[in-house]
């Protein structure tokens with residue numbers, strides 16, 4: 001028996017051909033674009049046959065009679081038993097023009113080729129999308145009753161089936177699968193589609209919340225999911241039955257789940273919080289369509305919607321399908337499949353396989369270049385204060401990854417020492433000498449950097465001044481506040497303001513602010529330092545909101561206590577556990593790679609939460625640490641006591 005199939009290299013087609021080739025004396029001719037012929041050996045290996053039984057036919061869905069030459073058509077004339085047309089664009093994000101060209105006109109050309117070859121039956125793989133958004137029960141003998149076909153995919157699939165019904169001069173059979181998901185036995189899938197669009201949201205919830213915490217979800221309409229192995233088995237069986245020509249078959253689930261139940265099933269499979277509280281999307285159906293369209297056309301609403309769906313990787317039309325109104329009668333399919341064992345398994349029995357395969361093979365995060373070199377190679381990176389501590393360790397890692405590393409530093413001895421160390425390792429650090437606390441110097445140096453390098457790709461605000469002194473010892477030291485703000489806030493802003501215009505112009509850039517855990521915990525004795533860092537954090541958060549649509553990213557790292565020259569004057573820190581500069585540099589590199597909006601230790605986040613939920617308790621905790629780590633002149637010793645060591649170990653990284 002000879003078959004001709006379009007879409008044979010696709011998700012359904014590849015498996016259907018394998019099924020057909022299991023039949024005795026079967027031979028399959030499959031359409032392949034010339035540009036994709038290199039895939040033929042891989043396909044033959046998958047099917048376990050040679051080109052005597054699986055024969056590639058060069059063609060194109062957009063050409064007349066699929067672009068199959070007369071030479072290749074001639075030996076097929078009168079010898080094709082079944083012509084199976086599976087090729088189509090199954091993508092809600094695809095442009096309307098290409099869907100019209102492939103789905104609609106491609107079907108017409110496939111039908112004309114089948115007629116030219118004298119195929120005994122034309123099998124068209126349609127979709128439940130032909131019903132549009134029909135409100136009610138859609139039967140297998142219904143077609144013209146379809147409603148609301150304004151989505152390109154719905155419209156083109158409806159038009160394609162209409163061509164088969166109205167123009168075919170040979171017998172035909174139509175198959176309307178539900179939303180096809182991965183193999184129920186292996187979980188294998190080839191792309192993100194249908195329910196897979198929600199997997200990233202489920203994954204993010206799992207990262208944020210424990211599995212036992214109830215989440216808020218939607219109830220929605222009934223979504224008809226079918227595994228690909230069911231669709232393949234059903235088409236293979238029905239295609240070879242006698243007396244079933246000129247009929248349509250719904251390859252659907254007889255008991256489809258609501259969106260809320262489906263999301264709960266996948267949430268359980270992912271060990272994520274389940275949407276226990278569900279909002280029925282039908283509640284919003286009372287809003288007239290034209291009013292909803294007007295609301296969604298408002299620029300602020302559209303911008304928020306587009307940002308949300310982009311972050312979650314959703315197609316823009318997905319929300320229209322949440323309250324899907326159509327149910328599908330499949331009595332004809334059930335009749336012909338009865339007793340065969342071909343049926344849709346319950347989703348809960350294979351949902352975990354779908355999730356596992358997606359997380360291992362299809363999760364978009366898997367395809368992000370997570371190497372530091374991939375992010376910074378040949379990029380211009382400016383690190384302020386890179387001659388010691390965190391800045392120096394970060395500069396070394398970035399230089400090793402291929403970045404052009406620049407720094408602004410003022411200490412001539414440290415500059416020479418650092419450049420010599422880098423040179424010994426075969427690395428380069430370009431230094432611009434100056435004092436950022438002198439605003440005129442900072443502005444001039446930044447202009448010079450932009451002029452010489454054409455801008456900065458990544459700015460790391462690392463330079464800073466810290467003062468550890470209790471407020472009660474600072475009543476006559478107002479200059480401490482002025483000096484700290486001058487460098488940590490005003491000087492840093494001068495540099496940011498200097499590099500930001502070119503970032504905006506290029507529509508790309510990354511500004512990273514090395515902040516402090518003290519901003520989250522309100523560390524005693526560091527009022528001047530914490531105030532200056534808090535001011536810069538607030539500015540950065542505001543700037544991030546203003547430039548969210550300009551391609552410029554802003555990040556804040558609330559760094560815990562790090563063993564740097566900045567903390568050297570405080571002798572008690574010599575005996576308490578601290579992060580090393582290299583470990584801190586790893587946090588900076590992680591932020592460059594993943595573009596975190598904020599990166600903080602769990603202890604830092606906990607401190608911020610306590611201050612928000614129980615501010616009095618937070619004050620008592622911090623006051624206890626304040627009194628435990630008394631200054632030497634207040635009666636304490638420079639050597640850490642047992643109490644101090646215990647407290648510092650318990651809350652590692654917090655300033656005292």
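Numbering (the UniProt record's numbering), first residue to last: 1 to 656.
Cβ coordinates follow ideal geometry from the N, Cα and C atoms, glycine included.
Spatial neighbours of residue 519 in its chain, beta-carbon cut-off 7 Å, leaving aside the 5 residues before and after: Your numbering for residue 519 matches position 519 in the chain shown. Here the set comprises 530, 533, 534, 537 and 558.
Residue burial classification, residue 475 (beta-carbon count within 10 angstroms, cutoff 16): Locating residue 475 in the chain shown gives position 475, counting from the first residue. It counts as exposed.
Supposed contact pair residue 81 and residue 3 - C-beta distance, whole angstroms, cut 8 Å: Reading the chain shown from its first residue, position 3 is the one you call residue 3. Reading the chain shown from its first residue, position 81 is the one you call residue 81. Yes, residue 3 and residue 81 are in contact; Cβ-Cβ is about 7 Å, under 8 Å.
The beta strand (DSSP E) that contains residue 378, what's its start and end? As a working mapping, residue 378 is identified with position 378 in the chain shown. Taken as a continuous stretch (DSSP letters only), residue 378 belongs to no beta strand (DSSP E), as it is neither H nor E.
Where does the unbroken beta strand (DSSP E) through residue 413 begin, and where does it stop? What you label residue 413 is simply residue 413 of the chain shown in a count that begins at 1. No beta strand (DSSP E) contains residue 413, which is instead part of the alpha helix (DSSP H) from 412-424.
Residue 253 burial status per 10 Å Cβ neighbour count (16 or more: buried): Numbered from its first residue, the chain shown carries residue 253 at position 253. When all chains shown are included, residue 253 counts as buried.
Any idea what DSSP makes of residue 520, helix, strand or coil? Position 520 of the chain shown, counted from the start, is the residue given in the question as residue 520. Here residue 520 sits in helix by DSSP.
Span separating the alpha-carbon of residue 106 from that of residue 382: Walking along the chain shown from the start, residue 106 turns up at place 106. Walking along the chain shown from the start, residue 382 turns up at place 382. Whole-angstrom Cα-Cα distance: 54 Å.
Is it buried or exposed, residue 661, if we count other Cβ atoms within 10 angstroms and call 16 or more buried? No statement about residue 661 is possible, as the shown extent of the chain runs from 1 to 656 and does not include it.
Quick one: residues in its chain with C-beta nearer than 6 Å to the C-beta of residue 456, no 5 flanking neighbours on either side, listed in chain order? Here residue 456 refers to the residue found at position 456 when the chain shown is read from its first residue. The answer, listed in chain order, is 380, 382 and 499.
Is the distance from the Cβ of residue 187 to the Cβ of residue 353 below 9 Å? As a working mapping, residue 187 is identified with position 187 in the chain shown. As a working mapping, residue 353 is identified with position 353 in the chain shown. Yes, Cβ-Cβ distance for residue 187 and residue 353 is below 9 Å.
Could you check if residue 39 is buried or exposed, using at least 16 other CB atoms within 10 Å of its CB as the buried criterion? Walking along the chain shown from the start, residue 39 turns up at place 39. Label assigned to residue 39: exposed.
In chain order, which beta strand (DSSP E) runs of at least 3 residues are fully inside the stretch 48-112? 54-58 and 82-85
Residue 342 in three-state terms, based on DSSP: Counted from its first residue, the chain shown places residue 342 at position 342. Coil.
Cα-Cα, which of 18, 579 and 47 is closest to residue 390? Counted from its first residue, the chain shown places residue 390 at position 390. For residue 390, the nearest C-alpha among the options comes from 579.
Can you tell me where the beta strand (DSSP E) with residue 247 in it begins and where it stops? Here the question's residue 247 lines up with position 247 in the chain shown. Residues 247-251.
Verify whether the separation of the beta carbon atoms of residue 31 and residue 70 is less than 9 Å. To locate residue 31, count along the chain shown from 1; it is residue 31. To locate residue 70, count along the chain shown from 1; it is residue 70. Result no, Cβ atoms of residue 31 and residue 70 do not sit closer than 9 Å.
Do the CB positions of residue 415 and residue 463 come within less than 9 Å of each other? Residue 415 sits at position 415 when you count from the first residue of the chain shown. Residue 463 sits at position 463 when you count from the first residue of the chain shown. No, the pair does not count as a contact, with Cβ atoms beyond the cut-off.
Continuous alpha helix (DSSP H) assignments of at least 4 residues falling wholly in the stretch 109-168: 152-167
Start and end residues, beta strand (DSSP E) containing residue 555: Taking the chain shown and counting its residues from 1, the one referred to as residue 555 is at position 555. Segment 552-559, the beta strand (DSSP E) holding residue 555.
With 9 Å set as the bound, which would you pick, yes or no: does the beta-carbon of residue 220 sit closer than that to a beta-carbon of chain D? In summary, chain D is missing from the structure at hand, where a single protein chain is found.
Helix, strand or coil at residue 1 according to DSSP, with G and I counted as helix: As a working note, residue 1 is residue 1 in the chain shown. Here residue 1 sits in coil by DSSP.
Buried or exposed by the 16-neighbour rule on C-beta atoms within 10 Å, applied to residue 338: Here residue 338 refers to the residue found at position 338 of the chain shown. Its Cβ having fewer than 16 others within 10 Å, residue 338 is exposed.
With a cut-off of 8 Å on the beta carbons, I'd call residue 512 and residue 588 a contact; round off their distance for me. Within the chain shown, the letter at position 512 stands for residue 512. Within the chain shown, the letter at position 588 stands for residue 588. About 7 Å; that satisfies the 8 Å criterion.
Alpha carbon of residue 45 to alpha carbon of residue 136, nearest angstrom: In the chain shown, the residue the question calls residue 45 occupies position 45. In the chain shown, the residue the question calls residue 136 occupies position 136. Approximately 45 Å, taken between the alpha carbons.
Quick one: complete beta strand (DSSP E) runs, 3+ long, within the stretch 436-462? 458-461
Between the beta-carbon of residue 173 and the beta-carbon of residue 237, is there less than 9 Å? Indexing the chain shown from 1 puts residue 173 at position 173. Indexing the chain shown from 1 puts residue 237 at position 237. The answer is no: Cβ separation not under 9 Å.
Coil, strand or helix - residue 542 by DSSP: As a working note, residue 542 is residue 542 in the chain shown. Residue state, collapsed to three classes: helix.
Within 10 angstroms of the Cβ of residue 216, are there 16 or more other Cβ atoms? Answer buried if so, exposed if not. In the chain shown, counting from the first residue as 1, residue 216 sits at position 216. Looking at its Cβ environment, which holds fewer than 16 other Cβ atoms inside 10 Å, residue 216 is exposed.
Sub-9 Å separation of residue 417 and residue 387 beta-carbons: The residue you call residue 417 lines up with position 417 of the chain shown. The residue you call residue 387 lines up with position 387 of the chain shown. Their beta carbons are under 9 Å apart, which means residue 417 touches residue 387 by this criterion.
Whose CA, out of 446, 484 and 487, lies closest to the CA of residue 501? Looking up residue 501 in the chain shown gives position 501. Comparing Cα-Cα distances from residue 501 to each of 446, 484 and 487, the minimum goes to 446.
Let's see if you can read the secondary structure: which residues bound the beta strand (DSSP E) around residue 326? Position 326 of the chain shown, counting from 1, holds the residue named residue 326. Per DSSP, residue 326 belongs to the beta strand (DSSP E) from 326-328.
Looking at the structure shown, is residue 598 part of a helix, part of a strand, or coil, going by DSSP? Along the chain shown, one-based indexing puts residue 598 at 598. Strand.
Within 9 Å, strictly: CB atoms of residue 170 and residue 226: By 1-based counting over the chain shown, the position of residue 170 is 170. By 1-based counting over the chain shown, the position of residue 226 is 226. Contact: no.
With residue 175 as the anchor, note down where its beta strand (DSSP E) starts and where it stops. Along the chain shown, read from residue 1 onward, the residue named residue 175 stands at position 175. 172-177 is the extent of the beta strand (DSSP E) around residue 175.
By the 10 Å Cβ neighbour count, where 16 or more other Cβ atoms means buried, how is residue 361 classified, buried or exposed? The residue given as residue 361 occupies position 361 in the chain shown. Exposed.
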